[in-house]
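Numbering (our numbering), first residue to last: 335 to 591.
A virtual CB, placed ideally from N, CA and C, is assigned to each residue, including glycine.
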C-alpha cells in the first residue's frame with residue numbers, strides 16, 4: 335500500500351490519499367497505521383520528510399530532493415561535489431565578505447537569496463558596490479554567481495528518473511529572471527538534448543526525483559545547471575496541454591515514482 339499526504343495523487347488507483355496535518359497527534363490511530371505501514375509515502379513535505387526518512391520509509395519526493403532543492407547553499411555544494419557543470423559560484427560569510435567578493439567577481443554578477451526563494455524571486459543583478467551592500471544587508475550567507483548574459487534558459491522537469499517536460503523560458507524585456515511567473519515566455523521549439531541529459535544526470539547523481547532544473551547554454555560553453563527547485567511553476571504543463579497531477583498519478587500507478 336502507498337499513501338499520499340494531500341491530494342496530488344487523488345487520481346491514482348494504487349495510492350490512498352490522506353489529509354496533510356502538521357500536527358502528527360491530529361492523525362487518528364488508523365491514519366497513523368496507514369502512513370507508517372505504507373511501502374511509500376508521497377509528498378510528505380519538508381515537515382515530515384526527515385521524520386519518515388529516519389524511520390527508513392521511502393518517500394517521494396526523496397529526502398535529498400527536500401534537503402537540496404530548498405537551500406541553494408546545499409544544492410551548490412552537492413552539484414560541485416557531484417561534478418555537475420555550473421556557473422562559477424561561491425559562498426561568502428563574515429565581516430569582510432564584500433571585499434572578498436570583489437576580489438573574485440567582476441561586476442556585474444548575480445546574487446541570490448540562498449534559502450526559500452524560487453520562481454524568480456530573490457535573484458539580483460549586482461552592477462555596483464551599492465547594489466552589493468544592499469544585498470548583503472539581507473543575507474547572512476552571500477550566494478554569488480557569475481553573470482552569463484542570456485535572453486533565455488531551459489526548464490527541464492524531472493519526475494522520478496524521467497524528463498517529463500522541457501522548454502525554453504524567454505525573459506521579458508528588462509527582466510533578469512526568465513521565469514514565467516515574472517512574465518517570461520514559454521517556447522517548446524528545439525530544446526537541446528544535451529540540456530535534458532544534463533538535468534537527468536544531475537538528478538541521478540544527487541538522488542533528486544522531483545525538480546524543475548534551470549539550464550543555460552553559455553557562449554562557447556556546454557550546458558550549465560543554474561539551479562533546481564522542488565517547487566516549480568505548472569504553466570509549462572498547461573501550455574503543453576498536459577496535467578501535472580495526471581502524469582504523477584500514472585507514474586505512481588506504474589511504479590515509476
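Cβ neighbour criterion (16 or more within 10 Å) applied to residue i
i           : result
residue 385 : exposed
residue 506 : exposed
residue 427 : exposed
residue 406 : buried
residue 489 : buried
residue 575 : exposed
residue 502 : buried
residue 381 : exposed
residue 438 : exposed
residue 401 : buried
residue 430 : exposed
residue 481 : buried
Distance between beta carbons of residue j and residue i, contact taken as under 8 Å
i           : j           : result
residue 374 : residue 393 : 7 Å
residue 378 : residue 556 : 36 Å between Cβ atoms; not a contact.
residue 388 : residue 564 : About 19 Å; that fails the 8 Å criterion.
residue 469 : residue 458 : 6 Å
residue 532 : residue 549 : 6 Å
residue 494 : residue 585 : 6 Å
residue 395 : residue 524 : Contact doesn't hold; Cβ gap of about 30 Å is too wide.
Three-state class that DSSP yields for residue i in the structure shown
i           : result
residue 466 : helix
residue 544 : strand
residue 386 : helix
residue 500 : strand
residue 379 : helix
residue 459 : strand
residue 446 : strand
residue 476 : strand
residue 425 : strand
residue 418 : coil
residue 549 : strand
residue 343 : coil
residue 355 : coil
residue 336 : strand
residue 391 : coil
Extent of the continuous alpha helix (DSSP H) run through residue i
i           : result
residue 397 : 397-403
residue 487 : Note, residue 487: premise wrong, no alpha helix (DSSP H); beta strand (DSSP E) at 486-493.
residue 406 : 406-415
residue 368 : 363-371
Boundaries of the beta strand (DSSP E) in which residue i is found, first to last residue
i           : result
residue 521 : 519-521
residue 561 : 557-563
residue 576 : No beta strand (DSSP E) holds residue 576; DSSP gives it neither H nor E.
heavy atom of the ligand COA below 7 Å from residue i C-beta
i           : result
residue 425 : With respect to the ligand COA, the structure offers nothing, as it holds no ligand at all.
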